[in-house]
Amino acid sequence: MGSYWHGPDRAWGGDRMAERAVPGQVSAAERAADALGFTRSCLRETGRLLALAAAAKPGGTIAESGTGAGVGTAWLQSGLGPGARLVTVERDERLACAATEFFAADDRVRVLHGDWRLLEEHAPFDVFFCDGGGKRDDPEKVVDLLAPGGMLVLDDFTPSEHWPPRFQGEVDELRLRYLTHPVLDATEVLTTPTSAAVLAVRRA
């Protein structure tokens, strides 16, 4: 059987392949983050998970805690269906204002300024990227915000060869809590050789 690759002038070559790998809006958000001096944006490998999760819920309600400079938001936006909506919250006023302006042209995306609990009035969520508040300080509330069948994405973990998972020689109680939560089916996936994410789905 012949190859589907026919060079840069074909649909999966050249600039189009690069655009699929890193959407233009994501690249623009990365440049905006650099201009703002924000250095804690999600990895591109995590971003592809976010785009996949959003695309799996084409009419869903998607949430993000911790907008930052909008890089993770842009990855989620890249997977949004026409009937989906995305709400993201950022407690830093400067970052929230910048993100509001950045996503102003897409009425599916709403940026909130304030505490992560502002998300509660928009729940339940079909996808929740919990990158800021809630992840550590109130895991039970994070789970409560998921719709049945809703997916939770948590990043910034260090891979562990042990069970229970360990970090810096100690059991990683936070990661263990999500991986063994009684209403979640959860797993850990490598995003790079030195970073991991937890993906969890709330049972119906």
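Just so we're aligned, residue 3 is where the sequence shown starts under our numbering, counting upward by one.
Backbone N, C-alpha and C define an ideal beta-carbon position, used for all residues, glycine too.
If you're wondering where the values come from, they're calculated on a predicted model, not measured in any experiment.
- Query: Which residues mark the beginning and the end of the beta strand (DSSP E) in which Cys132 is found?
  - Reply: If you number the sequence shown from 1, residue 132 lands on position 130. Cys132 -> beta strand (DSSP E) spans Phe127 to Cys132.
- beta strand (DSSP E) segment containing Arg46, residue limits: Here residue 46 corresponds to residue number 44 of the sequence shown, with the count starting at 1. Note, Arg46: premise wrong, no beta strand (DSSP E); alpha helix (DSSP H) at Arg46 to Ala57.
- Task: Would you mind stating whether Gly136 and Ser67 have Cβ atoms separated by less than 8 Å?
- Result: Position 134 of the sequence shown, counted from the first residue, corresponds to residue 136. Position 65 of the sequence shown, counted from the first residue, corresponds to residue 67. For Gly136 and Ser67, yes; Cβs fall inside 8 Å.
- Buried/exposed call for Gly151, threshold 16 Cβ in 10 Å: Taking the sequence shown and counting its residues from 1, one reaches residue 151 at position 149. Gly151 is exposed by the Cβ-count criterion.
- Go through its chain and collect everything with a Cβ distance to His8's Cβ below 6 Å, but skip five positions before and after it. Locating residue 8 in the sequence shown gives position 6, where the first residue counts as 1. A caution first: His8 carries a pLDDT of 39, below 50, which makes its placement in the model too unreliable to give a value.
- Message: Please state the DSSP three-state secondary structure of Glu92.
- Response: What you label residue 92 is simply residue 90 of the sequence shown in a count that begins at 1. Looking at Glu92 - three-state DSSP - the assignment turns out to be strand.
- Which partner residues of Glu172 appear in the DSSP bridge assignment? Along the sequence shown, read from residue 1 onward, the residue named residue 172 stands at position 170. According to DSSP, which records beta bridges pairwise, Glu172 is partnered with Phe169.
- Query: Does the Cβ-Cβ distance between His115 and Glu92 come in under 8 Å?
  - Reply: Here residue 115 is taken as the residue at index 113 of the sequence shown, counted from 1. Here residue 92 is taken as the residue at index 90 of the sequence shown, counted from 1. Going by C-beta atoms, His115 is nearer than 8 Å to Glu92.
- Query: So Pro141 and Arg179 are in contact, right, with Cβ under 8 Å, and what is the actual spacing, rounded?
  - Reply: The sequence position of residue 141 within the sequence shown is 139, counting from 1. The sequence position of residue 179 within the sequence shown is 177, counting from 1. Yes, Pro141 and Arg179 are in contact; Cβ-Cβ is about 6 Å, under 8 Å.
- Mind checking who Leu154 pairs with in its DSSP beta bridge? Here residue 154 is taken as the residue at index 152 of the sequence shown, counted from 1. Note: Leu154 sits in a beta bridge opposite Phe130 and Ala202.
- Task: Would you kindly work out how many angstroms separate the C-alpha atoms of Asp174 and His183, rounded to a whole number?
- Result: Your numbering for residue 174 matches position 172 in the sequence shown. Your numbering for residue 183 matches position 181 in the sequence shown. Those two C-alpha atoms are separated by around 14 Å.
- Test item: CB-CB of Val89 and Arg112 under 8 Å: Here residue 89 refers to the residue found at position 87 of the sequence shown. Here residue 112 refers to the residue found at position 110 of the sequence shown. Closer than 8 Å, so yes.
- Message: Do Val155 and Leu52 have their beta-carbon atoms positioned less than 8 Å apart in this structure?
- Response: As a working note, residue 52 is residue 50 in the sequence shown. As a working note, residue 155 is residue 153 in the sequence shown. Contact: yes.
- Is Asp187 helix, strand or coil by DSSP? Position 185 of the sequence shown, counted from the first residue, corresponds to residue 187. Reduced to three states, the DSSP call for Asp187 is strand.
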